[in-house]
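This note's numbering puts the first residue of the sequence shown at 1, with every later residue one more than the last.
All residues carry an ideal CB built from backbone N, CA and C; glycine is no exception.
These numbers come from a predicted model, not from an experiment.
What follows is a set of notes on a single structure, which appears directly below.
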Amino acid sequence: MKLSRCFCWLALVCCAPLQAQQSSDTGAVQVVEISGLSDPDERRYRDLVKGMDFFEQYHHLAPQATLRYRILPRLPKVAAQGTVLTLRGNGGGTVLPLAPDMSFTVERDSKLYEENAVVSSNRKDRSFAWLSEVRTPGLPAHMRRLGDLRLECEVNRGADLAKGLKTPSWYALNAASDVCVNRKQGWWLYAERPVFSATLVHGARRQVLFSSHYYGRPLPPMIFSFYDFYPLLMDRTVWIHISDASWPDDTLIELEYMDEAPLASSMH
Numbered sequence: 001m002k003l004s005r006c007f008c009w010l011a012l013v014c015c016a017p018l019q020a021q022q023s024s025d026t027g028a029v030q031v032v033e034i035s036g037l038s039d040p041d042e043r044r045y046r047d048l049v050k051g052m053d054f055f056e057q058y059h060h061l062a063p064q065a066t067l068r069y070r071i072l073p074r075l076p077k078v079a080a081q082g083t084v085l086t087l088r089g090n091g092g093g094t095v096l097p098l099a100p101d102m103s104f105t106v107e108r109d110s111k112l113y114e115e116n117a118v119v120s121s122n123r124k125d126r127s128f129a130w131l132s133e134v135r136t137p138g139l140p141a142h143m144r145r146l147g148d149l150r151l152e153c154e155v156n157r158g159a160d161l162a163k164g165l166k167t168p169s170w171y172a173l174n175a176a177s178d179v180c181v182n183r184k185q186g187w188w189l190y191a192e193r194p195v196f197s198a199t200l201v202h203g204a205r206r207q208v209l210f211s212s213h214y215y216g217r218p219l220p221p222m223i224f225s226f227y228d229f230y231p232l233l234m235d236r237t238v239w240i241h242i243s244d245a246s247w248p249d250d251t252l253i254e255l256e257y258m259d260e261a262p263l264a265s266s267m268h
C-alpha cells in the first residue's frame, strides 16, 4: 500500500519546465537528407501539434501569451553551438530556425502529420530538456506569470515533452483528468540562470518559496536521473505549486539569481 501511494505521488509530481547559427527571422530551408545519429534526441511532430491544440484550448490561462518550443542542454558535454533541428518527413528534411535562446516553432501541416514526421536534433538522445515555453509579453526579465506556467503544463499534457518517472498511474490519471489542476500538482520552472530565491507576488501578498522548491528537491535524489533537470539544469529549476487556486493566473513569480544575491543581501 505504501509503495502504491509513493507511485501515485510520483505520478503527480513528475509532470513537472546561447546562440545558434540560424536566426528566428529566417525561413525554413530545404536540405538534402543524409544519414545521421542512430539515436538522435527527437520528438514526434504529432506530439508538438497536439501541444499546440492544448495551447489553444487553454489559452484563457494566458490570453496575451505566445507558445514556442525550446531545447536546453542538460548534459555538460552537449554543445549548444552547432545544434541543428530538422523536421523530417517521408520527403526529406527541413531545417527549423533556432532563435538565440534555442527556441523554435513548427507550422501545422496535415501531410507531415500523416507521415508521423519527427523533429530531430543532431545530438544523441536525452541531450536536451525539451520545453513548452509560454510567455506573456511585457514582463521584466526576472518575472514569470503563474498563468503562463499553468498553460505550459497543459501544453505538456498534449505534447508529453518532459521526461520523468511516469508510472502507469500517471498515464491513467492524465487520461482521466487534468493533472495540472490536481491539488498536489506542481510545475518545473526553468530560469535563465542559477536561482537564489523565488517569490510569489499578487498585489500586496508575497510568499517566498521554501528551500524545498529548488534543485529538484520535491523528488527523492535516487530518481533525479529520470528527469530533464538532472544534472546540468538543477540550479535553474524551481518547483511551482500551480494547482494552488488561491493564487490567480496574474500572480507573478519574482526570481532572484545567484549572481545577484550578494548585492541584494547587502541592500537589506
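For residue i, which of the options has the nearest alpha-carbon?
i      : options                        : result
Leu37  : Arg126, Pro76, Asn90           : Arg126
Leu165 : Phe196, Ile223, Gly92          : Ile223
Arg217 : Asp235, His202, Val208         : Asp235
Val134 : Met52, Pro100, Phe196          : Met52
Ile253 : Gln81, Leu219, Trp187          : Trp187
Trp239 : Thr199, Leu72, Ala99           : Thr199
Pro97  : Asn90, Thr105, Gly91           : Thr105
Asp47  : Asp109, Lys77, Gln64, Leu149   : Asp109
Phe128 : Pro76, Leu67, Leu219           : Pro76
Leu67  : Arg88, Arg150, His142, Glu42   : Arg150
Gly203 : Ala79, Ser197, Asp228, Ser246  : Ser246
Thr86  : Arg74, Ala176, Ile242, Asp41   : Asp41
Val95  : Ser120, Leu161, Pro220, Gln207 : Ser120
Ala117 : Gly93, Met143, Asp101, Arg88   : Arg88
Cys153 : Arg144, Asp178, Ala141, Ser169 : Asp178
Phe226 : Val49, Phe54, Arg43, Arg74     : Arg74
Lys50  : Val84, Asp160, Ala141          : Asp160
Ala62  : Gln81, Glu192, Asp148          : Asp148
Ala141 : Ala99, Arg193, Gly93           : Arg193
Pro248 : Pro221, Thr237, Arg205         : Arg205
Ala282 : Tyr230, Pro221, Gln81          : With the chain represented from 1 up to 268, any question about residue 282 goes unanswered, as that position is not in the structure.
By DSSP, does residue i sit in helix, in strand, or in coil?
i      : result
Asp249 : coil
Leu255 : strand
His241 : coil
Ser212 : helix
Arg217 : coil
Asp228 : coil
Gln64  : coil
Ala80  : coil
Glu192 : coil
Gln30  : At Gln30, the pLDDT of 49 sits below 50, so the modelled position is not reliable; the number obtained from the coordinates is stated separately. Correct three-state label for Gln30: strand.
Arg206 : strand
Asp41  : strand
Ala99  : coil
Gly89  : strand
Val106 : coil
Arg74  : coil
Leu200 : strand
Cys14  : Model confidence at Cys14 stands at a pLDDT of 45, short of 50, so the residue's coordinates are unreliable; what they give is reported in the following sentence. DSSP places Cys14 in coil when its eight states are reduced to three.
Around the C-beta of residue i, are 16 or more other C-beta atoms found within 10 angstroms, so that it is buried, or is it exposed?
i      : result
Asp39  : exposed
Phe309 : Residue numbering for the chain in the displayed model covers 1 to 268; residue 309 lies beyond these limits and cannot be assessed.
Leu146 : buried
His60  : exposed
Asp259 : exposed
Asp250 : exposed
Glu107 : exposed
Val155 : buried
Arg123 : buried
Ser23  : In this predicted model, Ser23 has a pLDDT of only 37, less than 50, meaning its place in the structure is not dependable; the value taken from the coordinates is given anyway. Result: exposed.
Ser103 : buried
Gly158 : buried
Leu255 : buried
Leu139 : exposed
Tyr171 : exposed
Val181 : exposed
Assuming residue i contacts residue j (C-beta within less than 8 Å), just tell me the rounded distance between them.
i      : j      : result
Leu131 : Tyr190 : 6 Å
Tyr333 : Leu112 : Outside the displayed range of the chain (1 to 268) lies residue 333, so it cannot be described from this structure.
Leu233 : Leu72  : 6 Å
Glu56  : Asn90  : Rounded, the Cβ-Cβ distance is 27 Å, inconsistent with contact.
Ile242 : Gln185 : 6 Å
Val201 : Tyr257 : 16 Å between Cβ atoms; not a contact.
Ala65  : Thr136 : 5 Å
Lys163 : Asp244 : That belief does not hold up - the Cβ atoms of Lys163 and Asp244 are roughly 25 Å apart, past 8 Å.
With hydrogens ignored, establish whether the beta-carbon of residue i is closer than 8 Å to any heavy atom of the ligand FMN.
i      : result
Cys153 : The model depicted lacks the ligand FMN and carries no ligand whatsoever.
- request: Enumerate, from N- to C-terminal direction, the unbroken beta strand (DSSP E) stretches of 3 or more residues contained entirely within the segment 108-187.
  value: 118-124, 128-135, 143-145
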